[in-house]
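**Student:** Residue numbers (this note's numbering), protein chains in the order written: chain A, 27 to 417; chain B, 27 to 417.
(1) For residue 105 of chain A, which residues in chain B fall below 7 Å Cβ to Cβ?
(2) Under 9 Å, Cβ to Cβ, is there at least one residue of chain A near residue 148 of chain B?
(3) Taking CB distances under 9 Å as the criterion, tell me whether residue 139 of chain A reaches chain B.
(4) Tell me which same chain residues have a C-beta within less than 8 Å of the C-beta of residue 149 of chain B, skipping the five on either side of it?
(5) For residue 2 of chain B, which residues from the same chain have a beta carbon less than 7 Å from its beta carbon, with the 5 sequence-adjacent residues on both sides left out?
(6) Which of the three DSSP states is assigned to residue 253 of chain A in this structure?
(7) Roughly how many whole angstroms lie between the Cα atoms of residue 306 of chain A and residue 84 of chain A?
(8) To which residues does DSSP link residue 110 of chain A through a beta bridge?
(9) So who's on the other strand from residue 78 of chain B, going by DSSP bridges?
(10) Go ahead and pull the three-state DSSP assignment for residue 240 of chain B.
(11) Look at the Cβ atom of residue 176 of chain A, then the Cβ atom of residue 351 of chain A, and state whether they are nearer than 9 Å.
(12) Check the Cβ of residue 30 of chain B against every Cβ in chain A and list those closer than 8 Å, keeping chain order.
(13) Can you tell me which of A/231, A/295, A/197 puts its alpha carbon nearest to the alpha carbon of residue 115 of chain A?
(14) Provide the residue(s) that pair with residue 175 of chain A in DSSP beta bridges, ordered along the chain.
(15) In three-state terms, what does DSSP make of residue 230 of chain A?
(16) Would you call residue 240 of chain A buried or exposed, if buried means 16 or more other Cβ atoms sit within 10 Å of its Cβ?
(17) Is it buried or exposed for residue 47 of chain B, if we count other Cβ within 10 angstroms and need 16 for buried?
(18) With a CB to CB cut of under 6 Å and the five nearest residues on each side skipped, what residues in its chain are close to residue 41 of chain B?
(19) Within a Cβ cutoff of 6 Å, which residues of the same chain sit near residue 253 of chain B, ignoring the five residues on either side of it in sequence?
(20) Starting from the beta carbon of residue 174 of chain B, find every residue of chain A whose beta carbon is closer than 8 Å, and list them in chain order.
(21) Per the DSSP calculation, residue 429 of chain A is bridged to which residue(s)?
(22) Mind checking the stretch 297-308 of chain B against chain A and listing, in chain order, the residues whose C-beta falls within less than 8 Å of any C-beta there?
(23) Please confirm whether residue 162 of chain B has its beta-carbon closer than 9 Å to some beta-carbon of chain A.
(24) In the DSSP output, which residue or residues are listed as bridge partners for residue 63 of chain A?
(25) Leaving out the 5 sequence neighbours to the left and right, which residues in its chain are closer than 7 Å to residue 324 of chain A when beta-carbon positions are compared?
(26) Between the Cα of residue 318 of chain B and those of B/66, B/111, B/70, B/56, spot the shortest distance and give me the residue it belongs to.
(27) Between which two residues does the alpha helix (DSSP H) holding residue 340 of chain B run?
(28) Name, going along the chain, the residues of the stretch 178-202 of chain A whose beta-carbon falls closer than 9 Å to a beta-carbon of chain B.
(29) Along the stretch 208-241 of chain A, where does the CB come closer than 8 Å to a CB of chain B? Name the residues.
(30) Are three or more beta carbon pairs between the stretch 243-263 of chain B and the stretch 218-226 of chain B nearer than 8 Å?
(31) So what does DSSP say about residue 222 of chain A, is it helix, strand or coil?
(32) Find the residues of chain A that neighbour residue 78 of chain B, judging by a C-beta separation of less than 8 Å, and give them in chain order.
(33) For residue 214 of chain A, collect the residues of the same chain with a Cβ closer than 6 Å to its Cβ; drop the 5 residues on either side in sequence, then sort them by chain order.
(34) Measuring straight from C-alpha to C-alpha, what distance separates residue 371 of chain B and residue 39 of chain B?
(35) Looking at the unbroken alpha helix (DSSP H) that takes in residue 416 of chain B, where does it start and where does it end?
(36) In angstroms with no decimal places, state the Cα-to-Cα distance between residue 98 of chain A and residue 134 of chain B.
Next comes the structure, spelled out in structure tokens:
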């Protein structure tokens, strides 16, 4: 029996372990310190009332013979939820077939599992810096990785360059960790490029709900030509605080074919063979997210986080600290002042300000010298943190 | 961009589609007929009260800031649940470390995804007949498949034969679809064999809760030597009716190494990279399954299904129809009388008795001439069905 040797090529991930060790060491030495975590990528506000109500009802149904439900027939999501998602997209001006939407337990699962429908040894074009799972999943699957450089000069939004070739193109907009958002024109350039070279764009739209600027695209399918080159992967984690409830979905247009095969048919076959559907309770909660009442409640939470981001950004402006994001995204990506490296600035903030960020170097080589702050904390903590930053 | 060409080797799965078409055609032609489905593999009894109560409480917690929870830290399951599962195994006499248990959204996901830690092109030894997902997942991943023949003569329990070699050995006990259960002695032979040839046993224990005969093993880890050659994959779908709630777990012993690598470390890395944990609500429900009250309630449901199986088996005995299973399993695997083939007997039962089974040929070449009945129906339907069988 041989193991998958590609696992040997994975880099050990010490980022969050190292952060935890430093924070714990500081707290042990300074037990009275009120350390504020502005590095977390997890939401903190409770679920919307409409969602809780729907899940309580669904749970009770499962306890009664007449309303009990077993397997989600087919495992790709109940029609009631897929119709609700199609309605959410219709409001963005995007028309989707219910069959093109495949419901899952989250974007992270889909981002990893979707590689199974592509040939092993494919070349993935991955932005740097970016969410580290793209690199790890491609490494695990034996794919080749070509990094696309994000810098301050391109606003951390890499664009196609002469001679760039690959099979799978990752775009994450709004971006984790930089908060940068592609414009329609930029996505149109990417779509045309993917169609030209026959690549497939994996569009990670996990943070789309944070876009308030109506000129910015919230789905790749707002762009002409995307239906022949793009797959969109999205999540309810940030839209509705579902990080602990687990729901996401992947959209594969019917027109998307490669080598004569429908990628939608491949993805549905993968999911119905290696997956067995999402909790009925979760699916009823997700349906409620997309109801008028649910969307109003979820958007109030997003507005709260965006106000946090605005407060942090305003103080960075005052202090003359350069940053990206903070608008249309829950992330603030700041350049460490005085040419400090990511960990030096992390240590400074921890020791001098009792604020915890995430070192940018953890998101790729081009993250060196940057630090990620998130807007997911409480208002009280954000206000206290900015007071300390200004002190 | 190239697709994963292994998908081209998958056989189209028409079994349940063909069954549905035949049933629908019959019902259209005979609208007054009361067609009883004894083919379904899904549970029908509602969730246990203790489970519903726990999930209602967990749902309410997520709606309140002070008790809200986001990501399941690490994505391998909360300690409260893994400790409860370890306690369930301790009651079987099996000692497990909490770290050896990795919680997931179900056995089907784990059975498919676990192949990612093995080298592509591995040889899988798969019983015939068996749950079709083993074949499909290995085909998708480009593995070689060697079938191990189950026949009436070996009680549908294949054993190692001279010269049999492979990397991954699938054992499903109690078996789907035959209901056959390996004895301790038989599993000991398999464990010794796997250790000798360096293979890994994937032990599918999804139906373990139906074993009431205390001399029969409910876990591969009841067998000496299993900790160096076996992975156990289990589910709450049949133990607790979680087919629509989604929870399972995989046990990888710390001692299990191949090529110097810990398979537990590989599996945890796979799951934390391509998966993000199970719904908190589901995990609290699963914890309640393993409480004394929850187990009592779940076992009452299993006793109900086993009584259904006994009623069906008793009538088959009277009618002189040969069958396997029906004890220690929810499946009755019957040999079609008069040398009918699987579909002929299916048609006979549908048209003459208005009873729907599942043709055995859908589970592999050796299922030809057999039909699977399940015990998951209501008592009322089971009693009506056996009355018709005797008429």
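Built from N, CA and C at the ideal position, the CB exists for glycine as well.
**Tutor:** This is what the structure holds:
(1) Taking the first chain and counting its residues from 1, the one referred to as residue 105 of chain A is at position 79. Neighbours of residue 105 of chain A on chain B: none; closest Cβ ~15 Å, over 7 Å.
(2) Position 122 of the second chain, counting from 1, holds the residue named residue 148 of chain B. At least one chain A Cβ lies under 9 Å of residue 148 of chain B.
(3) For the purposes of this step, residue 139 of chain A is taken as the residue at position 113 of the first chain. True, the Cβ-Cβ gap to chain B drops below 9 Å.
(4) On the second chain, residue 149 of chain B is found 123 positions in, with the first residue counted as 1. Closer than 8 Å at Cβ, skipping near neighbours: 169, 170, 171, 172, 191, 192, 193, 194.
(5) The question about residue 2 of chain B has no answer here: the residues shown for chain B are numbered 27 through 417.
(6) Within the first chain, the letter at position 227 stands for residue 253 of chain A. Helix, per DSSP.
(7) Counting from 1 along the first chain, the entry for residue 306 of chain A is found at position 280. Counting from 1 along the first chain, the entry for residue 84 of chain A is found at position 58. Whole-angstrom Cα-Cα distance: 7 Å.
(8) Translated into positions along the first chain, residue 110 of chain A becomes position 84. DSSP output for residue 110 of chain A lists no bridge partner at all.
(9) For the purposes of this step, residue 78 of chain B is identified with residue 52 of the second chain, where counting begins at 1. Per DSSP, none; premise fails for residue 78 of chain B.
(10) Here residue 240 of chain B corresponds to residue number 214 of the second chain, with the count starting at 1. Residue 240 of chain B: coil per DSSP, three-state reduction.
(11) Position 150 of the first chain holds residue 176 of chain A. Position 325 of the first chain holds residue 351 of chain A. No, they are not a contact pair.
(12) The sequence position of residue 30 of chain B within the second chain is 4, counting from 1. Here the neighbours are 142, 143, 144, 145, 146, 292.
(13) If you number the first chain from 1, residue 115 of chain A lands on position 89. It is A/231.
(14) Counting from 1 along the first chain, the entry for residue 175 of chain A is found at position 149. Beta-bridge pairing links residue 175 of chain A to A/154.
(15) If you number the first chain from 1, residue 230 of chain A lands on position 204. Three-state result, residue 230 of chain A: strand.
(16) Along the first chain, one-based indexing puts residue 240 of chain A at 214. Residue 240 of chain A comes out exposed.
(17) In the second chain, residue 47 of chain B corresponds to position 21, counting from 1. That one is exposed.
(18) Against the second chain, residue 41 of chain B aligns to sequence position 15. Here the set comprises 388.
(19) Taking the second chain and counting its residues from 1, one reaches residue 253 of chain B at position 227. For residue 253 of chain B, where only same-chain residues beyond five positions count, the Cβ hits under 6 Å are 279, 281.
(20) Along the second chain, read from residue 1 onward, the residue named residue 174 of chain B stands at position 148. Near residue 174 of chain B there are no residues of chain A at all, since even the closest Cβ is about 17 Å away, more than 8 Å.
(21) Given a span of 27 to 417 for chain A in the structure shown, any question on residue 429 of chain A remains unanswerable.
(22) 299, 300, 301, 302, 303, 304, 305, 306, 307, 308
(23) Counting from 1 along the second chain, the entry for residue 162 of chain B is found at position 136. With 9 Å as the cut-off, residue 162 of chain B counts as an interface residue toward chain A.
(24) Counted from its first residue, the first chain places residue 63 of chain A at position 37. Partner(s): A/382.
(25) Indexing the first chain from 1 puts residue 324 of chain A at position 298. Excluding sequence neighbours, residue 324 of chain A sits near 74, 265, 266, 315.
(26) Taking the first residue of the second chain as 1, we reach residue 318 of chain B at position 292. Comparing Cα-Cα distances from residue 318 of chain B to each of B/66, B/111, B/70, B/56, the minimum goes to B/111.
(27) Counting from one through the second chain, the residue named residue 340 of chain B turns up at place 314. Where residue 340 of chain B is concerned, the enclosing alpha helix (DSSP H) stretches over 318-345.
(28) 192, 193, 194
(29) 224, 225, 226
(30) yes
(31) Residue 222 of chain A sits at position 196 when you count from the first residue of the first chain. Helix, per DSSP.
(32) Taking the second chain and counting its residues from 1, one reaches residue 78 of chain B at position 52. Near residue 78 of chain B (Cβ distances below 8 Å), the residues of chain A are 85, 86, 88, 89.
(33) Reading the first chain from its first residue, position 188 is the one you call residue 214 of chain A. So the list reads 249, once near-sequence residues are dropped.
(34) Walking along the second chain from the start, residue 371 of chain B turns up at place 345. Walking along the second chain from the start, residue 39 of chain B turns up at place 13. Looking at the two C-alpha atoms, the distance is approximately 20 Å.
(35) Position 390 of the second chain holds residue 416 of chain B. Unbroken alpha helix (DSSP H) run through residue 416 of chain B: 405-416.
(36) Translated into positions along the first chain, residue 98 of chain A becomes position 72. Translated into positions along the second chain, residue 134 of chain B becomes position 108. So the alpha carbons of these two residues sit roughly 13 Å apart.
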